[in-house]
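Residue numbers (our numbering), protein chains in the order written: chain A, 302 to 1193; chain B, 3 to 229. Just so it is clear, CB atoms sit at the ideal spot from N, CA and C, and this is done for glycine as well. Here's the structure we're looking at; comments come further down.
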Amino acid sequence: MNNFDDNRPNPDELLASLYHDEEKSKLGELKIFFGMCAGVGKTYTMLQTGLSEKRKNKDIIIGYVETHNRSETAELAKGFEIVPRKILDYKNTTVQEMDLDAIIARNPHIVIVDELAHTNAPGSRHTKRYHDVLELLENGINVYTTLNVQHLESRSETVSQITGVVVRETVPDEIFENASEVELVDLTPVELLQRLSEGKVYAPERSKEAIENFFRIGNITALREMALRIVADRVDMQLHDYMQNKRIRGPWKSGLHMLVAINYTSDSAKLLRWAKNLSYSMGATIQALYIETSHDLNNKEQEQLDRNIQLSKQLGIKLRIITNFDVVRAIIDFAHKENITHIVVGKTSTHSLLSLLQLGNFVNRLIRDSGNIDVYILGSENKFRDKFKKTFSFPNFTSSIVQYLIITLFVTFTAFVCYLFKNVLGYQVVSFILLFLVSILALFFSTGPIFLAAAISALIWNYYFIPPYFTLHIGKPIDMLMFIMFFIIVLLNGILTSRVRRQEKKIRIREERTDALYRLARDLSVALGIEEVIKAVVNDIQKYFHLDCSIILKTEENTLEKDAHPDSLINLTENDLSVAGWVFKNSSKAGKFTDTLPSGDLTFYPLLGNSGNMGIIVVRHSKKFTYGEDQLWEAFLSQISGKFEREFLRDSAKKIYLVGESEKLYKTLFNSISHELRIPVTTILGASDTLLTQEYPENTRKKLYSEINIASLRLNRLIENLLNMSRIESGRISPHLDWCDVHDLANSVIESLQQELKLFKISVIIPPNMPFVKIDFGLIEQVLHNLILNATQYSPAKSCIKLKFFYDNGIFSIMVMDRGNGFPESELNSIFKKFYRGKDASTGGTGLGLSIVKGFVEAHKGTVIAENRKNGGALFSIKIPVEISSVNTKNE
Amino acid sequence: MSNANTILIIDDEVQIRRLLEITLSANGYLISEASTGKEGLILAASGLPVLVLLDLGLPDADGLDILKKFREWYQKPIIILSVRNSEEDIVAALDSGANDYLTKPFRTGELLARIRSAIRQNQDVAETPVLKLGNLTIDLINHTAKKNEELIKLTSTEFSLLALLAKNEGRVLTHQYILKEIWGKSYVEQTQYLRVFVAQLRKKIEEDPAKPKLLLTESGIGYRFGI
Chain A
302 MNNFDDNRPN PDELLASLYH DEEKSKLGEL KIFFGMCAGV GKTYTMLQTG
352 LSEKRKNKDI IIGYVETHNR SETAELAKGF EIVPRKILDY KNTTVQEMDL
402 DAIIARNPHI VIVDELAHTN APGSRHTKRY HDVLELLENG INVYTTLNVQ
452 HLESRSETVS QITGVVVRET VPDEIFENAS EVELVDLTPV ELLQRLSEGK
502 VYAPERSKEA IENFFRIGNI TALREMALRI VADRVDMQLH DYMQNKRIRG
552 PWKSGLHMLV AINYTSDSAK LLRWAKNLSY SMGATIQALY IETSHDLNNK
602 EQEQLDRNIQ LSKQLGIKLR IITNFDVVRA IIDFAHKENI THIVVGKTST
652 HSLLSLLQLG NFVNRLIRDS GNIDVYILGS ENKFRDKFKK TFSFPNFTSS
702 IVQYLIITLF VTFTAFVCYL FKNVLGYQVV SFILLFLVSI LALFFSTGPI
752 FLAAAISALI WNYYFIPPYF TLHIGKPIDM LMFIMFFIIV LLNGILTSRV
802 RRQEKKIRIR EERTDALYRL ARDLSVALGI EEVIKAVVND IQKYFHLDCS
852 IILKTEENTL EKDAHPDSLI NLTENDLSVA GWVFKNSSKA GKFTDTLPSG
902 DLTFYPLLGN SGNMGIIVVR HSKKFTYGED QLWEAFLSQI SGKFEREFLR
952 DSAKKIYLVG ESEKLYKTLF NSISHELRIP VTTILGASDT LLTQEYPENT
1002 RKKLYSEINI ASLRLNRLIE NLLNMSRIES GRISPHLDWC DVHDLANSVI
1052 ESLQQELKLF KISVIIPPNM PFVKIDFGLI EQVLHNLILN ATQYSPAKSC
1102 IKLKFFYDNG IFSIMVMDRG NGFPESELNS IFKKFYRGKD ASTGGTGLGL
1152 SIVKGFVEAH KGTVIAENRK NGGALFSIKI PVEISSVNTK NE
Chain B
3 MSNANTILII DDEVQIRRLL EITLSANGYL ISEASTGKEG LILAASGLPV
53 LVLLDLGLPD ADGLDILKKF REWYQKPIII LSVRNSEEDI VAALDSGAND
103 YLTKPFRTGE LLARIRSAIR QNQDVAETPV LKLGNLTIDL INHTAKKNEE
153 LIKLTSTEFS LLALLAKNEG RVLTHQYILK EIWGKSYVEQ TQYLRVFVAQ
203 LRKKIEEDPA KPKLLLTESG IGYRFGI
């Protein structure tokens, strides 16, 4: 049900126009000087306006102006800075075109660009000047330009019909509709003819005759009316927009609802625009409807339908698409459902013989069945020739000669066989056999050959089988009836079967496309990381489009990388890369088969995600995409862009995470250290304070001194650990290798831990022939110190701590074993990480001990691993590659 | 005019000087203090202390330079104070004439022991021919050594090594010094020889060669014959 009977403006339209305004403020503004035909003085007026702006100190320059040697115009043009034209070489001549890059570099406030509909010479960046103008607007530069009525796409055919002159250069209506200002330059026909006679009108390449044909009062008046009407409509629409924006209550209370029926012809554009206008004046709401029938659309029709849908969207008309064989029925049903009061349709009748069978054509039926609803019927602008074509749409005959020959062979062969058994079968049966044959053949051949088969079989049947034999004459009337029916049946059969086949083929192609897209989506979702994604993309594009491609990604700063990704299959030159840069900046495709820089070999597409361009993809087309392929390609690119976007986001999320992690680590370190420092300091302070304040008995004092001593040692150890850790972190450990006696090493360590080892049984195992090893004594001493200290902290009293050394084949091994709690299996690798604390870490310590062990061992290019012992406890194995010197006296 | 009992402390840190003052005074020494190298030299010249404690990390001058300046005229023991992990500085100082070293933070016991040993060393100008240390008796004239009154078999190098260390009892000798004295200047880098001989010597003179009590290793620096 509609809720359109409130007074509120359509929220979608409102949003659309707000967005529109926002977009517009970043873009330059386009002012079109519009006229009914050449010679009314558009360029002159434009230059005059320009001069007055110049006097107001606006930065206005001329990009391109064609004075056509009219002295007054040339005079005006002199007052401006003119950007020199670009000279292009084309087919042994030089051509001059507007220098787009120079203008963008110059960046004026306003630029004057004459003749919006002009086609650029090959070698220019864009094929049409209006593309150039669009690029200027994108760059925030305002543009003044000129345009004639005949140049508007929607009007060009009409103008051709009126004037008899073919219009070759057109501009899409959207540009006109989206222009900020349109100024009509008007002249009465009499005045124009006056100017013509004075030689003030420019008419290129036309013979005097043609000019006279064109510039007839009748023609000119018609054109003038068109121009005036167009501008008036525009004013009307602007008024409507204005009223809607200001939320001024318009005549929405009318309760009128309009429906426009569109199809895949160019008439729909006219319908939509006209209906839109009408709906304002009536104050009616407006919707559009497209009925999808069984008719297969060819490429051209598909494109037109798409354009119509686009236009509907642009005009802010909500569009519904319904599938139904019976168009009229569908429209009427929809109209009733939506409370439509007015229907707008075009006069084009529908196609095929079907409409004949439906007893009356589309329009008549609509009028008849519409009941209370008003029906507006707009005339078509297409010539009758086209209408006829549509009414009887013949299938196209494109099969090869070979197919025809094979068909003929089949039919004649079957007929021959039947002939041999003529007497057994009888001629009626033969007809069925032939019918059967043609039906089977229709499964394999296309329409053309089937027609031929039908014709031949009918003729053969007539000639050879229907009495009287060997004549085309048919004796009995019943036979005649049979013959006619046979022919019709065989024909219809053939057509229908081949249509089914065609349909099937289309469905299959569509399925393949869906499948391709599905597989792409799946391949992309599995790929992790940019590298894998690119591999998947290059692969899938090869697979489905048989195209080599090159991918250039964006950088972190949202500019384009300087080079293509190494997995790309096409080598790009400097030139190619600069084109890619342009495409990236302007987010529109360029290259072969496009409107921009079409002379190249490669085609460049932007990969547009939600937050901007993710990169560029470059392919080498061998031929232009069909409409269906193009759709699939767009879908592919959309998927790919989305995936890249996600990957980039994931990378930046990871970075943020890492920053977060290092923050966390810093915090942990900070907290841990300050905690660790405070504890012994507290003890020292407290104990010494106590001792200072009063006299205590000897043993109390001794205890306190002892505490101070212990705390100080702990503090010292912490400082050593921190210093060692920072040495490791800064990478400044270069082991000072010297010959070491392992006994010395063991002794030194045990000495330093005398106090702690009091409660334990420490055993040191050194094989008798242990050589001297070249290590950094200090570092390894620290390593063993940390390991044994840990052992004392986490083992039960009186348990055994073993220190074992041995050397074998270049590797110096040290093992430290205890009978403590060991480590949880899952954490055996992470215990060497900074700040790792065991679960029952009751004693002080920052958790740096083991990471220092690892750091120092690795500085020797050695390894350290932790394991749990079979009967409980931890085992640390250190392996260091060393030079040895055996204990042999050299002197004596 | 030598002050038989004065120890000169040269250290820029007030707390260290205070600590040393308290400790050493409590042990019968008199203290004079300097906070810079220059001041120290002047005080030493006027006061002639029996021992100098020199911090290597002085702010105004390189500890090594001050040491060398001292050694131009001062013949009494100098013990240097340094931080850990600066073995190179310590070795350089010992080779430049310092008698011994202590790393901060140091234990009082060690400090006093080293001071005593250094002073004693210095006073024993007369070389006694027979040294008695712990279980060992070393006859410098006959080149014999006895452990627990039993003669031990030593090669001549081993004896030289033992004698050198024993004569400098309590004092740390750098690897380079020992190598130079016993093997000669060209052998200064061959620490493995030294290790070998030390190991062998230990086997012969120590009760438990694996846990030496006489021939002690000062890691990264040298050896000391223990007290």
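Taking a cut-off of 8 Å on C-beta distances, the segment 69–86 of chain B does not touch the segment 144–160 of chain B, as fewer than three cross pairs fall below it. Contact of B:Val93 with chain A is not assigned, every C-beta pair being separated by 9 Å or more. Here B:Asp141 carries a strand assignment [DSSP, helix/strand/coil]. Cα atoms of B:Leu203 and B:Lys106: separation of roughly 31 Å, rounded to the nearest angstrom. Neighbours of A:Phe1073 in chain B, taken as residues whose beta carbon is under 7 Å from its own, are Gln194, Arg197 in chain order. B:Thr105: not part of any alpha helix (DSSP H); member of the beta strand (DSSP E) spanning 102–106, first to last residue. A direct Cα-Cα distance of roughly 26 Å separates A:Ser1127 from A:Glu964. Each of A:Pro768, A:Tyr764, A:Cys719, A:Arg800 was checked against the Cα of A:Phe745, and the nearest Cα belongs to A:Arg800.
Interface annotation for the segment 1028–1048 of chain A against chain B: Asp1039, Trp1040, Asp1042, His1044, Asp1045, Asn1048, criterion Cβ-Cβ distance under 7 Å. The beta-bridge partner set that DSSP reports for A:Phe1113 consists of A:Tyr1108, A:Ile1181.
At a beta-carbon threshold of 7 Å, the residues of chain A lying near B:Lys213 are Asn1048, ordered along the chain. With contacts defined as CB atoms closer than 9 Å, A:Val1183 and A:Ile1112 qualify as a contacting pair.
In the structure shown, A:Trp934 adopts helical secondary structure according to DSSP, grouped into three states. When 8 Å is used as the limit between beta carbons, B:Gly222 is near these residues of chain A: His1037, Asp1039, Phe1078, Gly1079, in chain order. Where A:Ile796 is concerned, the enclosing alpha helix (DSSP H) starts and stops at 778–827.
Within the segment 355–433 of chain A, the complete alpha helix (DSSP H) runs of at least 4 residues fall at 372–379, 401–407.
Residue pairing of A:Val561 in beta bridges, as defined by DSSP: A:Ala589, A:Val645.
In terms of beta-carbon proximity, A:Ser1013 lines the interface with chain B, with at least one pair separated by less than 9 Å. Here the alpha carbon of A:Leu792 sits roughly 42 Å from the alpha carbon of A:Asn673. The Cβ-Cβ distance between A:Leu1090 and A:Glu1057 falls below 9 Å. In this structure, A:Phe784 lies away from A:Val731, with their beta-carbon atoms at least 9 Å apart. Beta-bridge partners assigned by DSSP to B:Gly224: B:Thr176, B:Glu220. Counting only runs of 4 or more residues that sit fully inside the segment 944–1014 of chain A, no alpha helix (DSSP H) segment turns up. Residue contact check for A:Ile1153 against chain B: no CB pair falls below 9 Å. By the neighbour-count criterion, in which a residue is buried when 16 or more other Cβ atoms sit within 10 angstroms of its Cβ, A:Thr772 is exposed. In the structure shown, A:Met1071 adopts coil according to DSSP, grouped into three states.
A:Ile1181 and A:Phe1133 have their C-alpha atoms some 17 Å from each other. Per DSSP, A:Cys338 lies in no beta strand (DSSP E) and is assigned neither H nor E. In the same chain as A:Met337, and ignoring 5 residues on each side of it, the C-beta atoms closer than 6 Å to its own belong to Val450, Leu524, Arg525, Ala528, in chain order. Among the CB atoms of chain B, none fall inside 9 Å of the CB of A:Glu1057. Counted as a single uninterrupted DSSP element, the stretch harbouring A:Gly913 is not any alpha helix (DSSP H) but the beta strand (DSSP E) occupying residues 913–920. About 5 Å separates the Cβ atoms of B:Ala100 and B:Ile82, confirming a contact at the 8 Å cut-off. Interface flag for B:Ala147 against chain A is unset, since no Cβ pair is found closer than 9 Å. Of the candidates A:Gly424, A:Leu417, A:His452, the residue whose Cα lies closest to the Cα of A:Leu437 is A:Leu417. From the listed residues A:Leu938, A:Leu861, A:Gln704, the smallest Cα separation to A:Ala817 is found for A:Leu938.
Annotation: A:Asn914 to A:Ile835 spans about 16 Å, alpha carbon to alpha carbon.
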